[in-house]
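Numbering (my numbering), first residue to last: 64 to 221.
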């Protein structure tokens with residue numbers, strides 16, 4: 064698939080990359096239909112935020128159509144659903160998610176110790192936004208793996 068890939072400061076290219084795959088039973092794969100560009104992307108473009116690596120896929124705040132769901136999604140999503148995927152990746156089950164403090168989900172940032180050192184606290188995992196926030200590929204791509212898809216989405220009504 065094609066994706067916008069970070070190669071270094073002020074160097075973003077449209078590259079061929081591998082299609083995402085289901086990695087966990089709570090994952091879904093979406094065909095991205097739109098994705099926003101905002102000031103956060105410019106911070107990465109200018110390398111103001113550390114921990115981007117060459118090959119990272121940019122983009123967050125996207126919409127798409129579900130093309131595959133993991134067996135643990137339990138009916139929350141089905142193939143063909145149109146969804147909005149927010150910047151934050153949430154589990155929906157930890158104490159912070161239960162309090163609706165989604166930006167500090169306790170389970171989705173795979174690199175918690177890095178974020179603590181830079182931000183002073185742990186953040187949730189974020190799509191397309193450095194390895195400080197989990198190193199998740201972003202949505203400036205044809206397809207996206209959505210971890211914790213049963214919690215990390217908003218359905219678009221018909």
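All C-beta atoms, glycine included, are put in the ideal place defined by N, C-alpha and C.
For a minimum of 3 consecutive residues, which ranges assigned as the beta strand (DSSP E) are wholly contained in the segment 91 to 121? 91 to 99
Anyone know if the C-beta pair for residue 83 and residue 207 falls short of 9 Å? yes
Looking at C-alpha atoms only, which residue of 183, 174 and 90 is the closest neighbour of residue 20? One cannot answer for residue 20 here, as it falls past the ends of the chain, which runs 64 to 221.
Within the continuous beta strand (DSSP E) that includes residue 158, where are the two ends? Element bounds for residue 158: not the beta strand (DSSP E) but the alpha helix (DSSP H), 158 to 161.
Just curious, the beta strand (DSSP E) that residue 71 is in, first and last residue? 65 to 71
Distance check for residue 121 and residue 211, CA to CA, integer angstroms please. 19 Å
Within the continuous beta strand (DSSP E) that includes residue 16, where are the two ends? For residue 16 there is no data in the structure shown, the boundaries of the chain being 64 and 221.
Among 85, 66, 70 and 86, whose alpha-carbon lies nearest the alpha-carbon of residue 77? 66
Residue 103 versus residue 142: straight-line alpha-carbon distance, rounded: 31 Å
Who pairs with residue 77 in a beta bridge, going by DSSP? 67
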